[in-house]
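Engineer: The structure's right below; bear with me while I get my questions together.
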């Protein structure tokens, strides 16, 4: 026998191994031993039954298998085979039913793959769900949407993988629509696609300038649409909505794999050696969901306006020109989709002097309101309004009003509801809060201190800051706003509970661990509190009038400061084998290399940002899927095992990141300020007690060859990019194992990643976790992260204010650098009136 006639009439080659495979499954089903000898015996019997025939139908072959099993005395196996055959028939029937209902024969192939990969999920339930929602007047596309929604609505905590099935169906629908659009436009290859996208202004011309047609055809061969199967519905829907290229008529003209390859081509375009191999590595790390690049990188790479960085951090000067220059820069950053961290600790307080006129200064709140209005007016590429975090020191005279910027009490003229306040705390503040809340705390004007004492108090930290602070406190020439420490703490905690802010920036811990303290200091963080890099203010030094073409032109000269830029990516710990150091180093190496390339490829909306980025070459390798990783390893959040595991994993990540930057330094050279840094001196390694053989060897390599990047690690929130890869967000615990979300007018189920009976008990909801364990884990991780973490506290309405206070004090004591949001479940505001230690 040479051929098999399938049920649809098509003919295929006879494959005897398929018969043996089906028979072996029947033996396994009834727990009887199967051997190749038995398989060959049954096969010989089947072939003898059909002897002399050139072809046979599938039904005839299956009948022969049943007869042969009975003949050989395997009655239980024959029964199992009959049941298996019946099950296959039912599966085929439901595929044909759905394909018929949707009038799409090609759908049968997709449904077959789904049945093969999700064997325990009965598509008859999908068919029934679809029929209950189907309407005659719906178009074929709308019917497909109903089928996808049916699969999504079947998702439950008992059957979480319906969301993956919905993702498969969405991918099928999308590719059908995309092919139809490509056919209309005569696009038949990836190269054709790039040419068309470039001509229409969706791709930057630099891609075709950098790659030949042969290069692009080679890279197209690396793309694998089967990787779309990794998406759950939520991730693929988000990617198709926000990340792939849309035309001006809202038609999606890029597949997920084309998007990943386009981003990879941009990130690898300037590589000098093995360029196509490096592009493929970038493509693999993203398309296999091992690494996510930051949202601006995924969204803007390959496009004409390629602003690839997430956040910017600026030091606002204490001058009219300087303040407006900073606000103008914020507008430019927001215009191209970036968020902002702004340090206002140098701006003089309300009632301070201006040009010797006492009481003339309006204080920082007025300027924050201007920043607030700018955030609303200049949105991020029309997608969402601008976003800025404003930082102020805990000793600044305007602090009480600052702490009420977003709360619902007080004068509305002093409010700014669209920005995110953050406070920079010295260790002394929390040390005194721990000792006795009834002490006085002194608020002062930074400008006045500068005028009277000749130094800027905010320019120091640690013991030096404390010494100068007490010197100012005892200097009668300096105005002081004396407040009860208890009252300030009450305002902080009340605002945190009511609004989630202020974010907390522990300035002594940050600067103590700064590997580049020889070149400056760190005043604040960014919008998401994970960046900690040297900062300084810009200064307008002169204006000149020149003549061009007979016209006068005013030229303003600016001495740029350190204008910090965040270049981010994240390791997806839920999708990486963190027990395999080789895999961890491989993906980390590629991620660091990609981010280093971003520095040279980026479009900078602010010139000073480019200068700072090239001087420090700072990157921020973070993670997503932290809780996902713990659950897969069956580690409880509230356990010593969690702390030990986090310590090991983040030490391994830190080692891999530093090694990757060191290897890049060997290839491309070190960042310009390496000399005198703690990387060079080895103090970075000593401070973290890295004494093992591998660390000592790496320390010597760093000393000899340098570091490509001044800063290498920072863990961002990854709220949207973690959805893309079907993992938990950043460092956060999941909010719920299972919950319902309103999306596009429908209530859709959501489940924790890889939820199963094995992982169920390791997914404790965020608000149910004792937060002391979260603070301890943050401290364990912080030792290995040279910058900071987007770290949230999750509290309930049972939480007392004194408990929340203890978390802040513990975080400061353990060396945590920042606290992002306090995620509260509507704590009773009356508790804020009884704050005590």
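In the UniProt record's numbering, the protein residues as written are 1 to 837. Ideal Cβ positions, reconstructed from N, Cα and C, are used throughout, including at glycine.
Can you find the residues in the same chain that come closer than 7 Å, C-beta to C-beta, to residue 229, ignoring five residues on each side of it along the sequence?
Structural biologist: 168
Engineer: Using 10 angstroms around the beta-carbon of residue 419, count the other beta-carbons present and answer buried if the total reaches 16, otherwise exposed.
Structural biologist: Per the 10 Å Cβ criterion, buried.
Engineer: Buried or exposed: which applies to residue 322, given that a residue is buried once 16 or more other Cβ atoms fall within 10 Å of its Cβ?
Structural biologist: buried
Engineer: To which residues of the same chain is residue 550 closer than 7 Å at the C-beta, ignoring the five residues directly before and after it?
Structural biologist: none
Engineer: Whole angstroms is fine: what's the gap from residue 459's alpha carbon to residue 520's?
Structural biologist: 9 Å
Engineer: Does the beta-carbon distance from residue 618 to residue 711 come in below 8 Å?
Structural biologist: yes
Engineer: Apply the 10 Å Cβ neighbour rule to residue 476 and answer buried if 16 or more other Cβ atoms are within range, or exposed otherwise.
Structural biologist: With fewer than 16 other Cβ atoms inside 10 Å of its own Cβ, residue 476 counts as exposed.
Engineer: Beta-carbon separation of residue 282 and residue 267 under 8 Å?
Structural biologist: yes
Engineer: Could you name the residues of the same chain whose beta carbon sits closer than 7 Å to that of residue 729, not counting the 5 residues immediately before and after it, in chain order?
Structural biologist: 624, 717, 718, 719, 722
Engineer: Considering residue 484, what are the terminal residues of the alpha helix (DSSP H) in which it resides?
Structural biologist: Premise fails: residue 484 lies in the beta strand (DSSP E), 481-484, not in any alpha helix (DSSP H).
Engineer: Jot down the residue ranges of each uninterrupted beta strand (DSSP E) in the region 653-709, minimum 3 residues, whole runs only, in chain order.
Structural biologist: none
Engineer: Which residues does DSSP pair with residue 292 in a beta bridge?
Structural biologist: 570
Engineer: For a quick check, are the C-beta atoms of residue 715 and residue 774 less than 8 Å apart?
Structural biologist: The answer is no: Cβ separation not under 8 Å.
Engineer: Quick check on this structure: which residue in 620, 553, 594 has the alpha carbon closest to the alpha carbon of residue 529?
Structural biologist: 620
Engineer: Distance, Cα to Cα, residue 25 vs residue 797?
Structural biologist: 55 Å
Engineer: For residue 818, is the classification buried or exposed, using 16 other Cβ atoms within 10 angstroms of its Cβ as the cut-off for buried?
Structural biologist: buried
Engineer: Would you tell me roughly how many angstroms separate the C-alpha atoms of residue 828 and residue 800, rounded to the nearest one?
Structural biologist: Here the model assigns residue 828 a pLDDT of 38, short of 50, so the residue's position is not dependable, and the following value carries that caveat. Each residue's Cα considered, the two are about 9 Å apart.
Engineer: With DSSP run on the structure shown, which of helix, strand or coil describes residue 167?
Structural biologist: helix
Engineer: When you compare the CB of residue 121 with every CB in chain D, is at least one pair closer than 8 Å?
Structural biologist: Here chain D cannot be found, since the structure has a single protein chain.
Engineer: Buried or exposed: which applies to residue 83, given that a residue is buried once 16 or more other Cβ atoms fall within 10 Å of its Cβ?
Structural biologist: exposed
Engineer: Taking the Cβ atom as the reference point for each residue, do residue 532 and residue 510 lie within a distance shorter than 8 Å?
Structural biologist: yes
Engineer: Give the list of continuous beta strand (DSSP E) stretches no shorter than 3 residues that lie fully inside the region 222-301.
Structural biologist: 291-293
Engineer: If you draw a straight line from the C-alpha of residue 431 to the C-alpha of residue 793, how long is it?
Structural biologist: Using only the alpha carbons, I get a separation of about 20 Å.
Engineer: Can you list, in chain order, the residues of its chain with a C-beta nearer than 8 Å to that of residue 834? Leave out the 5 residues immediately preceding and following it.
Structural biologist: In this predicted model, residue 834 has a pLDDT of only 32, less than 50, meaning its place in the structure is not dependable; the value taken from the coordinates is given anyway. Excluding sequence neighbours, residue 834 sits near 801.
Engineer: Going by C-alpha distance, which of 645, 13, 813, 517 is nearest residue 573?
Structural biologist: 645
Engineer: Sort 280, 812, 73 by Cα distance to residue 590 and report the nearest one.
Structural biologist: When only C-alpha atoms are compared, the closest one is 280.
Engineer: How far does the beta strand (DSSP E) with residue 343 in it extend, from its first residue to its last?
Structural biologist: Residue 343 -> beta strand (DSSP E) spans 339-343.
Engineer: Give me, in chain order, the residues of the same chain whose beta-carbon lies closer than 6 Å to that of residue 830; leave out the 5 immediate sequence neighbours on both sides.
Structural biologist: With a pLDDT of only 35 at residue 830, under the threshold of 50, the placement of this residue in the model should not be trusted, and no figure is reported.
Engineer: On a Cα-Cα basis, can you pick out the residue from 34, 21, 72 that is closest to residue 45?
Structural biologist: 72
Engineer: Quick one: what's residue 556 bridged to in DSSP?
Structural biologist: 543
Engineer: Spatial neighbours of residue 500 within its chain, please: CB distance less than 6 Å, with the 5 preceding and 5 following residues excluded, ordered by chain position.
Structural biologist: Excluding positions up to five away in sequence, the list reads 821, 822.
Engineer: Among 367, 303, 330, 287, which one has its Cα closest to the Cα of residue 320?
Structural biologist: 367
Engineer: Please name the residue in 401, 23, 613 whose C-alpha comes closest to that of residue 41.
Structural biologist: 23
Engineer: Nearest to residue 332 by CA position, among 629, 676, 652, 604, is which residue?
Structural biologist: 604
Engineer: Report the start-end ranges of each beta strand (DSSP E) in the region 107-188 that is 3 residues or longer and not cut off at the edges.
Structural biologist: Counting only runs of 3 or more, we get nothing.
Engineer: Would you decide whether residue 324 is buried or exposed? Buried here means 16 or more other CB atoms lie within 10 Å of its CB.
Structural biologist: Classification for residue 324: exposed.
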